[in-house]
Amino acid sequence: MAQHTRTRAAYDLLSSMRFAISLLTVLAIASVVGTVLKQAEPYPNYISQFGPFWFPVFEMLGLYDVYHAAWFLAILGFLVLSTSLCIYRNGPAMLREMRNFREQATERSLQHIRHRAEYELATPAAAVLQRATAYLAAQGFRFRTTVRGEDTLIAAKAGSYHRSGYLLTHCGIVVICVGGLLDGNVPLKLRQLAGQVVLETRDVPQSQVPPQSRLSPSNPSFRGNVNIPEGTSANVVFQNVADGYLVQDLPFTIALKKFHIEHYSTGQPRDFASDIVVVDHETGERFERTIRVNHPFVHRGIAIYQASFADGGTRMQLKGWPLLSPKVAPFDVAGAVNQATRITSGDTEIRVELSDFRPFNIEDLSANSAESSRIEVASVSKKVLAQLGSGAADLSKKDLRNVGPSFQYRLRDAQGQAREFSNYMLPLQLEGSWYLMTGVRSNPNEGFRFLRLPLDPDGRIDGHMQLRAVLLDEKAWPEIGRRFARNAVSGSTVPAEMRARLAESAEKVLQLFAMRGFESVGQFIEKGIPRAEQEKAADVYVKVLEGAALEALQLARERAKLPPATFEPQTLRFVRDTLTSVSDSFAYGAPVYLQLVQYEEVKASGLQLTRAPGQNIVYGGSLMLVLGVFAMLYIRERRIWLLVKPAQGKMLLAMATNRQTLENEREFERHKAALAGAVKG
Amino acid sequence: MELAQTLPQQQSWLRRLSWFDWAYAVALLAGAVVALKLYGDYMDGYEQAILVGTALSVAGLGWHWKAVRVLMIVLVAVSLWSISLYQGDLARAEQVFFLKYMISSQTAIMWMCFLYAMSGVAYWAGLLARADGLARAGTGFAWSATAMGFIGLLVRWYESYLIGTDVGHIPISNLYEVFVLFCIVTALLYLYYEGRYATRRLGAFVLLIILAAVWFILWYTFDRGAHEIQPLVPALQSWWMKIHVPANFVGYGAFSIAAMVGVAYLLADKGLLKRVLPPAELMDDVMYKCIAIGFVFFTIATILGAMWAAEAWGGYWSWDPKETWALIVWLNYAAWLHTRLIKGLRGPILAWWAIVGLLVTTFAFIGVNMFLSGLHSYGSL
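The listed protein sequences derive, respectively, from chains A and B.
Take any residue in the first sequence, count from 1 to its spot, add 478: that is its number in the working numbering.
Take any residue in the second sequence, count from 1 to its spot, add 1: that is its number in the working numbering.
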C-alpha cells in the first residue's frame, strides 16, 4: 500500500506542471553555463585557464562539453518523461472535452457562469429555438439540443481545436527531444562506458588508429570533420570527443579535385566550393559534385558540407639570408606547409615549421588608413551631412590593393621556444621606396611587427644583403675606416694624424653598431660623453656612421664586382634604410630571413560530414509544435448554453470560455444583443 | 418571418472586403508577377516562392489591417521614385537633391530616426498633458518614421545591387540593418495594437525602446561607420535569411512592446501616471497578445534557423551560443504563457516577468554577439 502511494506520488510529481517548469528552468540555467564557458576546446586551454586544481573538478562536472554531459542528458530525459506523463495524464480528458458538448449542465451550474443573461420569451419556444440554433450555426457553433421535461437546452461550442493545441505542442516537444536524442551521442557514450570504444589521444596517421577507436560505417548518427588536400582523398572523418578523437569510417571515398575560393573586390570571401568525387564502396557508384556553403551533397543519408578551408601543403622554394653575419651567400630551403625542415645558422640548428600560405592579401594602403576610419571632429550638421546619401561605402577613402602572396612559419630554438613569422613575397612601396616586409611575433595573440628590408636601386634584395654583410664584417672595418678618412676630408693639407683619428672613430662606430645597432651606439654615448654634449655627439656619430656606411656600400659593390654607386639621394636613402634595417634586425629574433622565391599552391577543403537520422523526426515535431502553438493561442474555445423554459416564459443564456480575454467579453455582448432578437414577438 | 432579419449576423470576412481591397491585392500580385518576369531568372525556386508568398501575406495583412494598404502604396511609390532617380548610378545619391536629402537609403534612415524622436516627444507630451491632439501627432510621426525606415531598407536593397550584382542582397544581414528592421517592426506592431485597442497612451512607453534602438543606430553610424553596405559572407547567401531574420524580429519587437507595456502596468500599479494610463486589464491584455504573437513568430524563427543551420553548418542544433540563448528565450516565454494560461496568474508578477524576459531577449540578440563567440557572428559589434 505504502509502495503504491509512493509510486502514485512520484507519478503526480513527474507529471505536474510545477515539475516541468522547474526542469525547464534548470535546463535554461545549465544551457547558460555552456554558452559562457567555451565548449570543446583543447584540454590544455582549460588547464591554463582554471589551473591544476579546478581543471579536474570542472572536467568531472562535464563543463567542457555541457550539452553531452550525462547530467544534462538526464535533465532532457526527465523533460521527455515529465511531458509524456503529462500527456498521458491530461490527454484523454482533453480529447473527451473536445468532443463533449456538456449538454448535462444543470440550470444551477449555468447560474454560476460569469457571462450570462436572461430573456423574457415573447414568442413561442419552438420559434425561439429555431432562430437561436440558426444563429448559432451561422456563427460557427456546433450544438446539441436536449429536452428536459418542458425545458429545452441548446449546448453549443466552437473552437474545440484549441485543446488539440495542447496535445500537439506537448507531443511536439517529446518528438523533438526523441529525435534529438537519436542524433545525440547517447549510444556512443554508453559504448564508451562499456569500454567498447576508447578515445585516441595520440597524433598518429589514421591508418594506425586501432579498431577500438574506430566507428563502423553503419554507425547510425555521427558528425565529423576531415581536411582533404587537393588531389587526395579520404574515407574517414574525425570526431573530436573530450581530449581525444575517434575515427569514423565512411561507406564511400571522397576525393577532392579542386577547391575554389572567390573573392569580392574588397578581398572578403564570396564563395567557397569544392569539386568532389564520391565513390561508393559497396556499389562502386561515382558522383561528381560541387558542394558549396549552404549547398551540401547527401549520399547514403550522410550529408557532406563545405565547412572550412586551409592550406593543403603548398610547396615552397625559399632562400635563406643570414641577417647578422658577414656571410653574403644565401642558401636554398625547400619545404611545404604543415611540414618542418631544419636550417643551420652558424653552429645552431633551427627548426622551421611552415604553417600557412596565402596566395594574396588585400590591404588598405591609404596613407592615413588609421585616421580615415574615424570621422574628424566637425560640427554636428557636417557630420550628419556626411552620412546622407547611399549606404555604399566611400571607397575613395581607402586604397585597397592586393599586395601578393605571403607565407607564415615558426622558428623553434633548441629550448622549444617558437616565434612566428609572416613574410610577403613581393616588395611593398612605402613612402616612395620599395621594401621586403617580414613580420614577427612571439605571441599568437599579438599583431605582427614588421622588419623592412630595403631593395637596392636595382630593385633587388642582393645589394642590401651585401651591404649588410660588409657592415657586420669586422675584417672590413679598417678598410672602410681608411676610405672614410680619405674621402671625408679632401685636400693634402690635412694632417695624417687627423686622418688616423677619423679612421679610428669610423671603425669604432661600426664596431659599436655591429653590437646592437643604434641601441649600442646610443648607450656608448650616454655612458662616455657628458650630458651637455650628448646631442651634438650623437649627430656626429650618425654622420660618421652614415659616411662609413656609404664607403661600405662601395666596398660591397667591389666585392660583388659591381661598378661603384653614384651618389644620388636614393643611394643615401638606401644606405640609411639599410642601417635602420640592420639595427632592427637585432630585435627580429631570428638570424635568418626567409625569402619566398617560388611556390606551388595546394589548397585543402575542410568538410563536415553528418548523419542525423533524427532530423526529419525533429522537423515533424517542430511542425506539430508550431501548429499546436497556433491552436493554443489563436483558437478560442467558446461554449454557449441556451436554456429555454416555456413554463416560466424565460430563456437563459450562458457563455463560458477557457480563457478570459477582452475579445470574449466583446463576443458575449454581441451574442447577447443578437439573441435578444430570438425571443422577440 | 425571415430568421436572418431578426437576428443580425456578422457578415463573413471576405464579404466585407471593398473594391479597394481587391484592387490592392491584385496590384500586389501584379507587382510580384512583373518582378518574376524581370528577375525570375536570377532567383531559385525558393526565392520565387518567397516573393509570391510575401505578396500574398502583405495582401492578407492589408485586408485585415486596412492602414497597411496605404503604407504599402507609399512604400512602393516612393521606392520606385527613388530607384528611378538613381538611373543605375550610385554617384547620383550625392548629386540629385531628392536623393541626397530625402530618399536615398542613408538619408531615409536618418529621417526615420528624426521622426521617431519627434513621435516619442509627441507621445510623451500627449500623455503628460492629456492632450489627444499631441498623441495623434505621435501616431502620425510614428507612421511616417516607419514608412521612411522601410523606404530606407528597400532603397538600400537596390543600392547594394548598384555596388555590384554579386554584392546585392536583402538588407537584413548585419547588426546595423537589423536594428532598422527592429525599429520598424516594433513600431508597426505597436501601431496595430494602438488602433485595435483605440488607445494612444502606451505609445510613449513603446517609443522609449524604439528610441533606444535609434540611439544605437546613430552611434553605430557616426562612431563606427557601420552603415556601409558590406557583401555577404558565404554562409549568409541563402534564401533562408529572407524568412528567418524577419520572423525573429517580429518576435523581438513583440517581446519589447510587452516589456514596455509591463513598465507602464507596474507604474500604474504603483499609482504613478495611473490617471493617464489605460486600465490595467487592457494593458494586461496587450502584454499577453504581444507575448503570444512574439512567441509564435519566435518559435517559427527558431525552427527556421535550425533548418538553415542544418543546411549551412551541417547540423540543425549545435548548441551554439546563439542557438542556446534562443532556446532560453523560448523557454522563458513558454513558462510565462504556461503560468498565465494554465495557472491563470495575472498582475504585477507577469509584468515584471515580461521586463526580465526582454533583458534575456536583449542578451540573446546583442549580448551573445558582444560577449560570446560562435558560429552566429554576423552581427558582431
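Glycine included, each C-beta is placed from N, C-alpha and C at the ideal position.
State yes or no: is the C-beta of G306 of chain B within less than 7 Å of the C-beta of G252 of chain B?
Their beta carbons are not under 7 Å apart, which means G306 of chain B does not touch G252 of chain B by this criterion.
Please list the partners that K667 of chain A has in chain B, where partner means a Cβ-to-Cβ separation under 8 Å.
Those do not exist, as K667 of chain A stays about 16 Å from chain B at its closest Cβ, beyond 8 Å.
Close-in-space but distant-in-sequence residues of the same chain around G791 of chain A (CB under 8 Å, 5 per side omitted):
P707, A814, V815, N816, Q817, V1080, A1082
So what's R852 of chain A in DSSP terms, helix, strand or just coil?
At R852 of chain A the pLDDT is 36, less than 50, meaning the model places this residue with poor confidence; the figure from the coordinates comes in the next sentence. In the three-state DSSP reduction, R852 of chain A falls in the coil class, being neither helix nor strand.
Per DSSP, what kind of secondary structure is E543 of chain A in: helix, strand or coil?
Here residue 543 of chain A is Asp; the residue named in the question, Glu, does not match the sequence. In the structure shown, D543 of chain A sits in a helix (DSSP, three-state: H, G or I).
Does DSSP put Q944 of chain A in a helix, a strand or coil?
helix
Short-range partners of chain B found in the region 548-580 of chain A, where Cβ spacing is below 7 Å:
none
In chain A, what lies closer than 8 Å to E160 of chain B by C-beta?
Under the 8 Å cutoff, chain A gives S868, G869, A870.
Should S257 of chain B go down as buried or exposed, given a rule of 16 or more other Cβ atoms within 10 Å for buried?
buried
Is there a Cβ from chain A that is less than 7 Å from the Cβ of F223 of chain B?
yes
Taking CB distances under 7 Å as the criterion, tell me whether K1150 of chain A reaches chain B.
no
Straight-line CA distance for I367 of chain B to F298 of chain B?
19 Å
Leaving out five residues before and five after F619 of chain A in sequence, what residues of the same chain have Cβ atoms less than 6 Å from its Cβ?
A634, A636
Taking one C-beta from the region 610-624 of chain A and one from the region 660-670 of chain A each time, how about it: are there three or more such pairs within less than 8 Å?
no
Can you grab the Cα-Cα spacing for the pair L29 of chain B / Y194 of chain B, in whole Å?
Their Cα atoms are separated by approximately 25 Å.
Roughly how many angstroms separate the alpha carbons of P1042 of chain A and Q1032 of chain A, rounded to a whole number?
Note on geometry: alpha-carbon atoms of P1042 of chain A and Q1032 of chain A lie some 6 Å from one another.
Using only alpha-carbon positions, find the residue among A:E1147, A:T513, A:Y1097, A:L914 that is nearest to D1055 of chain A.
Closest by alpha carbon: A:L914.
Would you verify that the beta carbon of K861 of chain A is, or is not, closer than 7 Å to some beta carbon of chain B?
yes
Between the Cα of V558 of chain A and those of A:R574, A:G658, A:G627, spot the shortest distance and give me the residue it belongs to.
A:G658
Sheet register partners of R1054 of chain A (DSSP bridge)
Paired residues: none, contrary to the question.
So, does the CB of Q865 of chain A fall closer than 7 Å to a CB anywhere in chain B?
yes
Less than 7 Å between the beta carbons of L219 of chain B and G121 of chain B, yes or no?
Their beta carbons are not under 7 Å apart, which means L219 of chain B does not touch G121 of chain B by this criterion.
Quick one: using the 10 Å Cβ neighbour count with 16 as the cut-off for buried, is G46 of chain B buried or exposed?
exposed
Apart from the five residues just before and just after F556 of chain A, which ones in its own chain have a Cβ nearer than 7 Å to its Cβ?
L501
Between L502 of chain A and chain B, is the shortest Cβ-Cβ distance under 7 Å, so that the two count as touching?
yes
Between which two residues does the alpha helix (DSSP H) containing K1005 of chain A stretch?
996-1006 is the extent of the alpha helix (DSSP H) around K1005 of chain A.
State the Cα-Cα distance for the pair A31 of chain B and I51 of chain B, rounded to the nearest angstrom.
15 Å
Cα separation between A615 of chain A and L57 of chain B?
30 Å
Applying the 10 Å Cβ sphere with the 16-neighbour rule, what's the burial state of H546 of chain A?
With at least 16 other beta carbons inside 10 angstroms of its own, H546 of chain A counts as buried.
Which residues bound the beta strand (DSSP E) around T624 of chain A?
For T624 of chain A, the uninterrupted beta strand (DSSP E) run begins and ends at 620-626, by DSSP.
Assuming the contact rule is C-beta atoms closer than 8 Å, L1120 of chain A and D629 of chain A should be a hit. Round their C-beta distance to whole Å, please.
Wrong, their Cβ atoms sit about 11 Å apart, outside the cutoff.
Just to make sure I have the definition right: I need the residues of chain B whose C-beta is within less than 7 Å of the C-beta of G658 of chain A. Which are they?
Near G658 of chain A (Cβ distances below 7 Å), the residues of chain B are W318.
With 7 Å set as the bound, which would you pick, yes or no: does the beta-carbon of R202 of chain B sit closer than that to a beta-carbon of chain A?
no
So which residues of chain A does N333 of chain B contact, with C-beta pairs closer than 8 Å?
The answer, in chain order, is A506.
Taking DSSP as the reference, what is the three-state secondary structure of I1095 of chain A?
helix
Alpha-carbon to alpha-carbon, H593 of chain A and F1146 of chain A
7 Å
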